[in-house]
Amino acid sequence: MIEIFDDKDAVYLRAAELIIEKAAEAIEERGSFSLVLAGGSTPRGIYQLLASPNLRERIDWPRVVAVIGDERNVSPDHADSNYRMVRENLLEHVPIPENAVVRWEPEIGNPDEVALNFEKQLTDKLGPAPTFDLVLLGLGDDGHTASLFPGTSAIKEPDRYAVANNVPQLSTDRFTLTFPAVNNAANVAFVVTGRAKAAAVSAVIDQQQFPAARIIPKAGRLYWLLDTDAASLLAAR
Ligand code: 6PG
């Protein structure tokens, strides 16, 4: 479902409300809520809203498992770390247990060991091949999402949930959940704002191009939360 809002702040508020809604549903049904958090800069505004005094009480944080959806090959305190961004804008401000946060640990060893360690954390906390209750995703202007970049090995992964992914176009290794992991989720929400993303949004939605077009939840619901700028090149519907 595509939802278009006047500006990014309205997108952030809708995203925060969606997270609150899905958390209440999951906790009511099963007593816990697994939330995969996107990296990059767009979601920062969502996390700040969820951490704000008038919203942070709306989620039963002790019953949440927070998962970092993808990560850069940097230490957790590095300026480019997605975990650091999520920690500073959300996790430090809500009563989520320290051991309920699943993060990539690039500092422990080679990229494959990092991915295996992350997968073990996922399994320990959520069981094998979990169905995430909600996955938040951003979109790059090249049509990547998470760290599933065009032409990289991770977009071919048929089974594993978490892999290391060499990204030649960035000359770096990344860590990412895979299509099997995201497409098994109960809910997936892309949050995309700004005119710079308009071409990628249309290419993914209208022409099914790029890796992000392969986010097709098997049984879950797919949301696109866009501002008018990001939606500006979408075909009329
Ligand atoms: C990352 C993200 C990545 C991001 C997009 C959009 O590690 O950078 O996971 O997939 O969501 O690149 O990034 P912005 O929100 O900064 O535009």
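Position 188 of the sequence shown, counting from 1, maps to 886 under the working numbering, and the rest follow consecutively. Ideal Cβ placement from N, Cα and C applies to all residues, glycine included.
query: Do you know whose CA, among PHE873, VAL762, ALA897, GLY849, lies nearest VAL792's CA?
result: VAL762
field: Check whether ASP758 and SER845 have beta carbons under 9 Å apart
entry: Annotated as distal: ASP758 and SER845, with beta-carbon spacing of 9 Å or more.
- request: Compute the minimum distance between the beta carbon of ASP871 and the heavy atoms of the ligand 6PG, and state whether it is under 8 Å.
  value: no
task: For ALA934, verify whether its CB is less than 8 Å away from any heavy atom of the ligand 6PG.
output: ALA934: no, Cβ never under 8 Å from the ligand 6PG.
query: In terms of DSSP beta bridges, what is THR874 paired with?
result: ASP768, VAL861
query: What's the gap between the Cα of ALA928 and the Cα of PRO741?
result: 15 Å
message: Here's the rule: buried if 16 or more other CB atoms are within 10 angstroms of the residue's CB, otherwise exposed. What is GLN906?
response: Around the beta carbon of GLN906, fewer than 16 other beta carbons lie within 10 angstroms, which makes this residue exposed.
- request: Leaving aside the five residues before and after GLY841 along the sequence, list all residues of the same chain whose C-beta is less than 7 Å from its C-beta, in chain order.
  value: PRO848, ALA898, ALA901, VAL902, GLN907, PHE908, PRO909, ALA910
field: Close Cβ partners of MET783 (< 7 Å) along its chain, the five nearest in sequence each way excluded
entry: GLY737, ARG742
- request: In angstroms with no decimal places, state the Cα-to-Cα distance between ALA724 and SER851.
  value: 33 Å
- request: Give the DSSP bridge partners of ASN885, in chain order.
  value: ARG919
- prompt: Does the Cβ of GLN867 have 16 or more other Cβ atoms within 10 Å, making it buried, or fewer, making it exposed?
  reply: exposed
query: Of all Cβ atoms in chain D, is any one closer than 9 Å to the Cβ of TYR710?
result: Absent here is chain D; the protein component of the structure consists of one chain.
query: Is THR821 helix, strand or coil when you go by DSSP?
result: helix
query: Given GLU795, which residues of its chain have a CB within under 7 Å of its CB, disregarding the five upstream and five downstream residues?
result: Note on identity: in this sequence residue 795 is Pro, with Glu being the wrong assignment. The residues are PRO760.
query: Given that a residue counts as buried once 16 or more other Cβ atoms are within 10 Å of its Cβ, and exposed if not, what is ASN811?
result: Looking at the sequence itself, residue 811 is Glu, so the reference to Asn does not match. With fewer than 16 other Cβ atoms within 10 Å, it is exposed.
query: Between which two residues does the alpha helix (DSSP H) harbouring GLU790 extend?
result: First-last for GLU790: undefined, no H or E at that position.
- request: Just grab the DSSP bridge partners of ASP925 for me.
  value: PHE703
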